[in-house]
Structure formats: C-alpha cells, structure tokens
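Numbering (the working numbering), first residue to last: -5 to 313.
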C-alpha cells in the first residue's frame, strides 16, 4: 500500500501519464503530414499516398502527403527531424535514410533523431541482362568475370544507390570484379542494358516493363527469399550458391524523436490494419512491391542492425 508521502510524489507522474493518454485518445485533431523526401511517382511516394488514402477512410480525413525532394532525400528528412514531436509530421522514406549519412555529412542522425512507426513494404531488386545475352545464369556471369576481371559491365541508377550496392555485394561475395557503369536514373540504365550497351544491371520496378516486353532476362532476385512479384526468379543463393546475399529496398514511416509512445503506438496499429487489408495487398501487387509490415516495436528492435547493414553496403561501393 502506498504511503501518503509516496502518493504525493506519485501524483505528478500519474497526472502526466493521464494527460498523455488523453492526448493519444483525442489524436488526431488535425491532418497529419506525410512528408516524402522524393518527387511524386517514386515507390515511396506511392506507398505514402496509398496509406494516406486508407488512413483517411479509417480516421475520417486524417492525412495529407507533402513531397519535399532535394539532395537525395536529405531536405525532406531534415525537415521532419526538426518538426515538433507531436505526431502531426511523419517521414515516409527508403534506404537513403540510412545510406545518405555515410555518403556525406547530413544535418540529422538517422537513428537518434527519429522514432520508428512502421515498415510497410519492400521490393527486391533483380539482376537482369539483355534477352539475347550469352549469360543465361548468375554462374555464367561469375565464370566470365573470373576469367577476365573487370570485363563484365553492370549498370545502376547511380553511385551509392541500392542497384550499385547489389553489384558491389556480388563482387565481394563471389570474389569477382564487375565494372560498374552508373546512370542518371534506373529507366535509362534498363534501356541501355536491353540494348546491350552494358552487359548486366540491377534494378527495382524500372526493369519490369522491359522484362514483360521480353527485352530483358531475369537472372536472380536480390532478396534472401523469393519475391512474391517474381516467384519464378531464383535468389542469389539458389542461382549461384551465394549464402547471405540479401538486398531489398523497404519503405518506412518515422516520426520525430520524442513523439509520445502512445501516439506512435496508435499510428503503428493503424498502419498494421492498413497493411493487412486486401486493398493494400492489391496496391503492392500492382506496383511490384512486396507487402512487408513491421510494427514500431519490431522496427525499433532491428534499427541498429539495419543501419549497420547499409553502412557496410556503402563501404563496399567504395572498395
């Protein structure tokens, strides 16, 4: 039983807890901004818009999407980091959240300045070659690269992008040296690969139109398990016995550091309901994404490992 003295000391804490719970119950009292640090049309933007539309139905008009592109995602991310931690500004972001600080100094810390809310979807990249290429398998590529180091070229969407990292990881895992050819964007890289200007490429959804048109051949997916989008494509381990090869590009939602746990929990629970819906699964299928929900607690538990994984991948691109 609490003494009178203990009760007096406990009252302020109890009052604060009650205030937080009341705030969470009333939340949201105005629209929530979903800040997307890239231009409209990217996978991250599309996920944010789908979640926004679903949350508006669930909570009766609760969210709006705001695109804040610039500096590879740094501008929008920094804006969220400096926003009030009241649950009314969220960041929808992708792998650059963890890679940018290792590419150059950023005005925020990807771990210390944010609270994870959820992981919503992800996409495995694909290793592709031209339809008339002599490479029929990943083992063919490795054999050619070992025979003549540096003679096999691969395209990416640019230096430091996940597609660049895929080639760098294959180099390290297979003990080969592919010659990296960066492009301004993924679509141009796919066109040049289909035309035979480069021999290979790693890509996300930008490759799908040319794959469906029969212009590109898929050699493998970059995830540790087969992708729901391309169930017939082998993983790197299945294709060439490369164990531990795993690169997927996820979409996360973060809040500014200090956002009340009750608010984060309420958002995470709502996002979980949305991610489990048939509408969200159909959306992912249409956009060549894999539904990949993780709650705030699950993301938080793996956050340090996630950041370390991307740090190592960035280092590989500089080897």
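Ideal Cβ placement from N, Cα and C applies to all residues, glycine included.
Beta-bridge pairing by DSSP links residue 118 to 242. Ranking 49, 46, 31 and 177 by CA distance to the CA of residue 75 puts 31 first. Scanning 178, 220, 161 and 243 for the CA closest to the CA of residue 309 turns up 161. Under the three-state reduction of DSSP output, residue 109 falls in the strand class. With a minimum length of 4 residues, the unbroken runs of alpha helix (DSSP H) contained wholly in the segment 75 to 110 fall at 90 to 97. Inter-segment contact for the segment 126 to 136 and the segment 221 to 236 is present: three or more beta-carbon pairs are separated by less than 8 Å. Taken atom to atom, the span from the alpha-carbon of residue 251 to that of residue 105 is near 9 Å. In the DSSP assignment, residue 285 falls within the beta strand (DSSP E) that extends over 284 to 289.
In this structure the segment 272 to 289 does not lie against the segment 64 to 73, because fewer than three pairs of beta carbons, one per stretch, are closer than 8 Å.
The residue from 56, 141, 49 and 41 with its alpha-carbon nearest to that of residue 26 is 56. Around the Cβ of residue 61, a 10 Å sphere holds 16 or more other Cβ atoms; the residue is buried.
The secondary-structure analysis by DSSP pairs residue 197 across a beta bridge with 120. Within the same chain, Cβ atoms closer than 6 Å to the Cβ of residue 188 are found at 124, 204, 209 and 210, the five residues on either side in sequence being excluded. Listed in chain order, the non-local C-beta contacts of residue 58 below 8 Å within the same chain comprise 25, 26, 27, 28 and 46, local neighbours out to five positions each way being set aside.
In chain order, 104 place their CB closer than 6 Å to the CB of residue 91, counting only its own chain and leaving out the 5 sequence neighbours on each side.
A straight-line Cα-Cα distance of about 27 Å links residue 286 and residue 149. A check of alpha carbon separations from residue 22 across 44, 42, 38 and 50 identifies 50 as the nearest. Only residues of its own chain outside the window of five on either side were considered, and among them 148, 150, 158 and 161 have a CB closer than 7 Å to the CB of residue 174, listed in chain order. Excluding residues up to 5 positions away in sequence, 116, 118 and 217 lie with their Cβ nearer than 6 Å to the Cβ of residue 242 in the same chain. The alpha-carbon of residue 226 is positioned some 19 Å away from that of residue 276.
In the structure shown, the three-state DSSP call for residue 265 is helix. When DSSP assignments are scanned along the segment 144 to 222, the uninterrupted stretches of beta strand (DSSP E) that are 3 or more residues long and fall wholly within it turn out to be 147 to 150, 173 to 176, 194 to 197 and 210 to 215. Taking all protein chains shown into account, residue 35 has fewer than 16 neighbouring C-beta atoms within 10 Å of its C-beta and is therefore exposed. In the three-state reduction of the DSSP assignment, residue 295 falls in the helix class, which pools H, G and I. Within the same chain, 52 come within 8 Å of residue 267 by CB-CB distance, once the 5 residues on both sides are set aside.
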